[in-house]
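**Q** Residue numbers (UniProt numbering): 1 to 184.
1. Are there 16 or more other CB atoms within 10 angstroms of the CB of residue 166, so buried, or fewer, so exposed?
2. When you compare only the Cα positions, how much space is there between residue 122 and residue 156?
3. List, from N- to C-terminal side, the alpha helix (DSSP H) runs of 4 residues or more that fit wholly inside the segment 82-158.
4. Just confirm the distance between the C-beta atoms of residue 102 and residue 76, as a whole number of angstroms; I'd bet it's less than 8 Å.
5. Which residues in the same chain have their Cβ closer than 7 Å to the Cβ of residue 61, if we skip the five residues on either side of it in sequence?
6. According to DSSP, is residue 72 part of a helix, a strand, or is it coil?
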């Protein structure tokens with residue numbers, strides 16, 4: 001429901017409230033005719049593409065649903081409002097839809113409030129699970145890294161030993177070459 005002091009908290013479960021096709025067609029009855037005319041225009045001339053008009057008409061179709069849903073809820077709060085004396089808001093079809101919509105929203109909000117009461121515990125449980133999983137995987141990664149580092153240290157020590165041997169052999173070769181030149 002809408003709270004004037006907290007407009008960001010407004011939420012309406014729109015997927016619950018589906019206006020009838022009759023009610024939808026009564027609101028902007030000319031939109032379907034315009035969409036059909038646009039299709040005929042495309043068929044007659046494939047280059048006559050009007051993306052803006054096509055998108056605008058699709059948006060109006062969506063607005064029909066949204067407007068009817070919002071008006072159904074407002075009808076229960078302000079039934080004497082003048083807007084409800086005009087078509088399609090003054091029809092029995094709309095009033096039936098408004099009654100059904102209001103009860104559906106009310107039931108959904110009650111269920112939501114019950115779930116929200118349990119939210120702190122659910123949040124705590126979820127966060128605890130996330131933390132346990134994260135800490136466990138971090139420890140596993142640390143263990144794997146330690147093993148890799150130990151392995152690399154072993155490789156480095158072996159390489160140092162091998163390099164030491166090469167260096168010693170190189171010094172011996174230089175000495176032997178230097179010594180042999182004196183002999184000749």
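A virtual CB, placed ideally from N, CA and C, is assigned to each residue, including glycine.
**A** In brief:
1. Numbered from its first residue, the chain shown carries residue 166 at position 166. Residue environment: residue 166 is assigned as exposed (fewer than 16 neighbouring CB atoms within 10 Å of its CB, all protein chains considered).
2. Locating residue 122 in the chain shown gives position 122, where the first residue counts as 1. Locating residue 156 in the chain shown gives position 156, where the first residue counts as 1. Those two C-alpha atoms are separated by around 50 Å.
3. 92-117
4. Position 102 of the chain shown holds residue 102. Position 76 of the chain shown holds residue 76. Contact between residue 102 and residue 76 holds, with the beta-carbon distance rounding to 5 Å and staying under 8 Å.
5. Numbered from 1 along the chain shown, position 61 holds the residue referred to as residue 61. Around residue 61: 31.
6. Counting from one through the chain shown, the residue named residue 72 turns up at place 72. In this structure, residue 72 counts as helix in the three-state DSSP scheme.
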